[in-house]
Amino acid sequence: MVWELNNRKAKEVCRVATGSLLLLFKKLKGFENKDSNMFEGLCIEYYRSQPWKLLIRKFMGVIL
C-alpha cells in the first residue's frame, strides 16, 4: 500500500514536471511528444530512488 501511494505521487509529480518541460522545450523546438513519455518514465524511476525535494531542485536547475 505504501508503494502504491509512492507510485501515485511519483506519477503525479512527474506528469507536472514533464508537462512543464514539454512547454519549455516546445518553445525551443527540441522536445517532442514521444520524448515526453520517455522522460516521464525516467522521472518516475528517479523519483522512486531519490527524495522528492532533490528531484525538484534538479529539475529547477535544468529549467533555470
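Its first residue numbered 1384, the sequence shown is counted upward by one per residue in our numbering.
Every residue, glycine too, gets a C-beta built ideally from N, C-alpha and C.
**Q.** Whole-Å CB distance - Ala1393 paired with Arg1431, under 8 Å assumed
**A.** In the sequence shown, residue 1393 corresponds to position 10, counting from 1. In the sequence shown, residue 1431 corresponds to position 48, counting from 1. Right, their Cβ atoms sit about 6 Å apart.
Q | Supposed close pair Glu1423, Arg1398 - CB separation, criterion 8 Å | A | For this step, residue 1423 is matched to residue 40 along the sequence shown. For this step, residue 1398 is matched to residue 15 along the sequence shown. Right, their Cβ atoms sit about 7 Å apart.
(Q) Here's a check: name, in chain order, each residue in its chain whose Cβ is nearer than 7 Å to the Cβ of Cys1426, leaving out the five neighbours to either side. (A) Taking the sequence shown and counting its residues from 1, one reaches residue 1426 at position 43. Around Cys1426: Cys1397, Ala1400, Thr1401.
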